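Note that the sequence shown covers residues -21 to -1, 1 to 157 in mature numbering (1 follows the signal peptide of the UniProt record, and there is no 0). Structure record follows, encoded as structure tokens.
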Amino acid sequence: MKRSVLVILFSIILVSCGASKPTKKYSYKKPTTTKSTNLKKLSSTYSGNVSGTRASILTDAENYLGTPYKYAGNTKAGFDCSGLVCKVFDENKIQMPRRSQDQGKSGVSINISQAKPGDLLFFATAGGSSVTHVGIVHDVMNSGEVTFIHASTSKGVIISSLNETYWNKAFLFARSVL
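Rendered as structure tokens:
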């Protein structure tokens, strides 16, 4: 009985944001920054003049900052990573698959240097090369730093940076559905 429960729990954790198919690993080169650049406040200002659907997606995603993490959640009560993407895009009349692995097949592949606010970033948080996490590009700083909004299992909906070692190592690829 204990073994069955452990197998079920392990299975749930293993597929928390859903994935099993390997994807190509893309490398993201961390830009050279100074200490003062790293301390810049993360903001939704983007030099590319975000407007229309991209601006609406950012505004809607920012409204969920601080929402707790909830496995399989897709409401203000709690989100998992792909649930957040589904909810925000649905609010903007764009239908997205529910699993992060399937979201990784939506839209068109883009190089990280082409990423704009509202595009999606995909990660392999369990190691390997399978999509297990997704985030929405929040900003691309003048320094080249890319920040993204996502549902973190430990902190809920937050803004993180690809410059953070954990996310930089886990990054797989970017896609645009806009």
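Where a beta carbon is used, it is the ideal one built from N, C-alpha and C, also for glycine. Being a predicted model, the structure only gives us computed values, none of them experimental.
Asked: Would you check if there are 3 or more beta carbon pairs closer than 8 Å linking the stretch 130 to 139 to the stretch 44 to 55?; Found: yes
Asked: The beta strand (DSSP E) with Leu151 in it runs from where to where?; Found: Phe150 to Ser155
Asked: If you draw a straight line from the C-alpha of Ile(-9) to the C-alpha of Thr104, how long is it?; Found: Note that Ile(-9) scores a pLDDT of 42, beneath 50, so its modelled location is shaky and nothing firm can be said.
Asked: Pick helix, strand or coil for Asp98, following the three-state DSSP scheme.; Found: coil
Asked: Around the C-beta of Lys84, are 16 or more other C-beta atoms found within 10 angstroms, so that it is buried, or is it exposed?; Found: exposed
Asked: At 4 residues or longer, and completely inside the stretch 86 to 134: list those alpha helix (DSSP H) runs for me, N to C.; Found: none
Asked: Count the other CB atoms, across all protein chains shown, that sit within 10 Å of the CB of Thr54; report buried if there are 16 or more and exposed otherwise.; Found: exposed
Asked: Among Arg154, Gly114 and Asn142, which has the Cα closest to the Cα of Glu41?; Found: Gly114
Asked: So, with DSSP's three-state summary, where would you put Ile73?; Found: coil
Asked: Apart from the five residues on each side of it in sequence, which residues of its chain come closer than 6 Å, Cβ to Cβ, to Ile138?; Found: Leu21, His117, Thr126 and Ile128
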